[in-house]
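Enquirer: Going down the list, the protein sequences come from chains A and B.
Mapping to UniProt numbering: the first sequence position 176 is 176, numbers consecutive.
Mapping to UniProt numbering: the second sequence position 351 is 351, numbers consecutive.
Each residue gets a CB set at the ideal place from its N, CA and C atoms; glycine is no exception.
What you are looking at is a predicted structure, and each value in this text was computed from that prediction instead of being measured.
This is the structure, below, for whatever I ask next.
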Amino acid sequence: MSKQYQFKLVLLGESAVGKSSLVLRFVKDQFDDYRESTIGGAAFLTQTVTLDEQTTVKFEIWDTAGQERYKSLAPMYYRNANCAVVLYDITSSATLEKARSWIRELQRQADPSIVIALCGNKSDLAARRQVTEEEAKKYAEEEGLMWAETSAKSGEGVTEIFTAIGRPGVDLNKQATAQPGQEACNC
Amino acid sequence: MDEEYDVIVLGTGLTECTLSGLLSVEGKKVLHMDRNDYYGGDSASLNLTQLYRKFRPGQEPPSELGRDRDYAVDLIPKFIIASGELTKILVHTDVTRYLEFKQIAGSFVYRDGRISKVPSTEMEAVKSPLMGLFEKRRAKKFFEFLQGWKDDDPATHQGIDLDKDSMKTVYEKFGLEPGTQDFIGHAMALYLEDDYITKPARPAYDRIVLYTSSMARYGKSPYIYPLYGLGELPQSFARLSAIYGGTYMLDKQIEAIVTDSDGKFVGVTSAGETVKAKQVIGDPSYFGAGGDGKAGKVRVVETGKVVRAICILKHPIPSTDDSDSCQIIIPQNQVNRRNDIYIAMVSATHNVCAKDIYVAIVSTIVETDNPHHEIVPGLNLLGPIHEQFLTVTPLYTPTSDGAADNIFITRSYDATSHFETVVEDVQDVWKRVMGSDLVLKKREVEVQE
């Protein structure tokens, strides 16, 4: 019997690293070169990925709606998030520094079981790269994060990272349901 | 920051955030600022660190209270009436997508030294220990009259004209005792004092019907409550505003409200920079509340004070059937006061505190110069109080309607136990800002599958 899991996924990262573009690529398989700063109208977007024949994950994806710009994200944003994708731009070292501070914020505010992926976006601009793969990967390993490079523009790595980030949550959930007496997570 | 906005909103309390959300949806360009580094202003819910920083500066929260992040202690004690106006706004704006609600488990009233469940139907009235046998029959007839009332069917009116006859006339028609009138007027119609009795009965009728229809919706009490505390409400409206383009800045000190030579609003100065907008909306604390005018023009006036005691308990309130949450109303007549005393209690069930902790807030409108003494009848019902944080808060109301200067000020959160007056304020400010009534439309929801 196939089972669908529903996870809340939050996006974090400096303005203009491509948070909304990454979601647009993942959810609608589109890219817009001149996308303006986030003005949405959607409470959140949803997209479903298939992990295997028996398992699908429906992501409820929360965009920051621009509230990260002046450090004004509400605690509600992190509340009950199962997954977080923290983005940096591989052509800007400063955005990786920003990503590190968002990860610290997540470790402080979010549920300890949250699965975090660090994502180096704009991999299509490798010629202007400031952040090496090794540097980001090493940091991710130290902090126990998933890591990947993506390009919202070409689509490279996008579905892969969303599929990968769903997996640990599903495993955790199965473990919890397999052990009677333990409460399953509420999704 | 050289952009010009339609509206600048100051303070992120529920009233301001609701307005901000509704204005952004309407297409207004909104800049929303708060001097605190957290959302909610006077209607925030605080974690332990924030709570101790506010009430016990310099003192660390005791470790026995548990993890800081498990706490969301409300600063104002209010519940949401299930069929009330706030529920309508939550549903119409679709912010319910960000929130989860639980029922409040019980609604109680104090009479003759003990507390009992508030009866909400004629069936419950018949079983209630609040009344003697004959009084029960009379109360049953009264509730049947209310439930049977149809505006267009004079046969259901039993000779009463709700728009002309006073509530006193209605009570007398059914021969209800003063004690019964107390719980109907205070625990069901939720009046804080007795002025309503001599006025036409219609509003009281509406309020009792609101209570009973809300009660019928979920069964245990007429109230619902958002998980993680009331502070979630302003946050959810702030997110709505941000999604529609609203800009948010927390932790911004507001240095001045700038006006032109005619006194009309020009902009707001923060960190030496003035941001311009056509209109400004804000809570009283940004418009000279409590000041002498030296730090900026005083545009609000004090209308009274509320005393609130936030009490941390390690047990449910006695005589409430171990309810995980409840409201208890002490009608003013019962303790020789002019205003009722309210108790609102929530617990770990609502994700607002650690397991086995209960948070009760006792409040009333201040009548004497010894406010702490005034809430003693409420404190006495709680059993041993582990920790208590007392506040006496002035209530402010704007001195002008903003028509002349484009400065629109909201009211302080009053002593009522619910959000109906907050919504009235939202509607009132909306009308002053927009020049037309607030009409709630079902928001176009982008459907994505």
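Express the C-alpha separation of Val209(B) and Ala216(B) in angstroms, rounding to a whole number.
Expert: 10 Å
Enquirer: Does Ser21(A) get closer than 9 Å to chain B when you measure Cβ to Cβ?
Expert: no
Enquirer: How big is the Cα-Cα spacing for Ile329(B) and Lys276(B)?
Expert: 46 Å
Enquirer: Work out the CA separation of Gln30(A) and Lys122(A) for me, nearest whole Å.
Expert: 15 Å
Enquirer: Contact criterion: CB-CB distance below 9 Å. Does Lys252(B) meet it with respect to chain A?
Expert: yes
Enquirer: Using a Cβ-Cβ cut-off of 9 Å, state whether Asp37(B) counts as contacting chain A.
Expert: yes
Enquirer: Cβ atoms of Arg239(B) and Tyr77(A): under 9 Å apart, would you say?
Expert: Yes, these two residues count as a Cβ contact at 9 Å.
Enquirer: Would you tell me roughly how many angstroms separate the C-alpha atoms of Leu379(B) and Gly293(B), rounded to the nearest one?
Expert: For the pair Leu379(B) and Gly293(B), the Cα-to-Cα distance works out to about 37 Å.
Enquirer: At 7 Å on the CB atoms, spell out the chain B contacts of Gln79(A), in chain order.
Expert: Note on identity: in this sequence residue 79(A) is Arg, with Gln being the wrong assignment. In chain order: Tyr228.
Enquirer: Quick check on DSSP: helix, strand or coil for Gln54(A)?
Expert: Residue state, collapsed to three classes: coil.
Enquirer: Report the residues of the stretch 219 to 243 of chain B with a CB closer than 7 Å to any CB of chain A, ordered along the chain.
Expert: Tyr228, Glu232, Gln235, Ser236, Ala238, Arg239, Ala242, Ile243
Enquirer: Identify the continuous alpha helix (DSSP H) that holds Gly155(A) and give its terminal residues.
Expert: It is not in any alpha helix (DSSP H) - Gly155(A) carries neither H nor E in the DSSP assignment.
Enquirer: Please report the residue range of the alpha helix (DSSP H) in which Asp322(B) lies.
Expert: Premise fails: Asp322(B) is in no alpha helix (DSSP H) and is neither H nor E.
Enquirer: Going along the stretch 77 to 104 of chain B in order, which residues come within less than 7 Å of chain A, judged by CB to CB distance?
Expert: Asp94, Arg97, Tyr98
Enquirer: In the structure shown, what three-state DSSP assignment does Trp102(A) receive?
Expert: helix
Enquirer: Does Phe162(A) come within less than 9 Å of chain B when only Cβ atoms are used?
Expert: The beta-carbon of Phe162(A) is placed no less than 9 Å from the nearest beta-carbon of chain B.
Enquirer: Classify Ala81(A): buried if its beta carbon has 16 or more other beta carbons within 10 angstroms, exposed otherwise.
Expert: buried
Enquirer: For Glu193(B), which option in Asn339(B), Ser323(B), Glu85(B), Thr247(B) has the closest C-alpha, if you only look at C-alpha atoms?
Expert: Asn339(B)
Enquirer: Whole-angstrom Cβ separation of residue 478(B) and Val266(B), contact assumed at under 8 Å?
Expert: Limits of chain B in this structure are 1 at one end and 449 at the other, which puts residue 478(B) out of reach.
Enquirer: Going by DSSP, name the residue or residues bridged to Cys311(B).
Expert: Ala360(B), Gln388(B)
Enquirer: Which ranges does the beta strand (DSSP E) cover as unbroken runs of at least 3 residues, wholly within the stretch 243 to 282 of chain B, from first to last along the chain?
Expert: DSSP runs (the beta strand (DSSP E)) wholly in the stretch 243 to 282 of chain B: 247 to 249, 256 to 259, 265 to 270, 273 to 282.
Enquirer: Could you please tell me which residues of the stretch 172 to 203 of chain B, in chain order, have their CB closer than 8 Å to any CB of chain A?
Expert: none
Enquirer: Distance cutoff 9 Å, beta carbons only. Does Arg69(B) sit that close to anything in chain A?
Expert: yes
Enquirer: Grab the span of the beta strand (DSSP E) containing Phe408(B) for me, first residue to last.
Expert: 407 to 409
Enquirer: I'd like to know whether the C-beta of Gly27(B) is nearer than 9 Å to at least one C-beta of chain A.
Expert: So, not an interface residue.
Enquirer: Helix, strand or coil for Phe145(B)? Go by DSSP, reduced to three states.
Expert: helix
Enquirer: The alpha helix (DSSP H) with Gly378(B) in it runs from where to where?
Expert: Where Gly378(B) is concerned, the enclosing alpha helix (DSSP H) stretches over 376 to 379.
Enquirer: So who's on the other strand from Thr327(B), going by DSSP bridges?
Expert: The question names Thr, but residue 327(B) is Gln in the sequence shown. DSSP output for Gln327(B) lists Ser107(B), Ala344(B) as bridge partner(s).
Enquirer: Does the stretch 84 to 101 of chain B touch the stretch 301 to 310 of chain B, meaning 3 or more C-beta pairs lie closer than 8 Å?
Expert: no
Enquirer: Note down, in chain order, each residue of its chain lying with its Cβ closer than 6 Å to the Cβ of Val100(B), except the 5 sequence neighbours on either side.
Expert: As written in the sequence, residue 100(B) is Glu, which differs from the Val given in the question. Within the same chain, Glu100(B) has close Cβ partners Leu227.
Enquirer: Would you kindly report the start and end of the unbroken alpha helix (DSSP H) that includes Leu125(A)?
Expert: According to the DSSP assignment, Leu125(A) belongs to no alpha helix (DSSP H), since it is labelled neither H nor E.
Enquirer: Anything in chain A within Cβ reach of Tyr248(B), meaning under 7 Å, just list it in chain order.
Expert: Against chain A, the beta carbon of Tyr248(B) has neighbours under 7 Å at Gln67, Tyr70, Ser72, listed in chain order.
Enquirer: For chain A, check one thing: does any of its Cβ atoms lie closer than 9 Å to the Cβ of Gly245(B)?
Expert: So, interface residue.
Enquirer: Strictly below 9 Å CB to CB, what residues from chain B border Met76(A)?
Expert: Near Met76(A) (Cβ distances below 9 Å), the residues of chain B are Tyr39, Tyr98, Leu99, Tyr228, Gly231, Glu232, Gln235, Ser236, Ala238, Arg239.
Enquirer: Tell me, which residues are paired with Val7(B) by DSSP?
Expert: Val30(B), Gln279(B)
Enquirer: Nearest to Pro178(B) by CA position, among Gly132(B), Met345(B), Lys355(B), is which residue?
Expert: Gly132(B)
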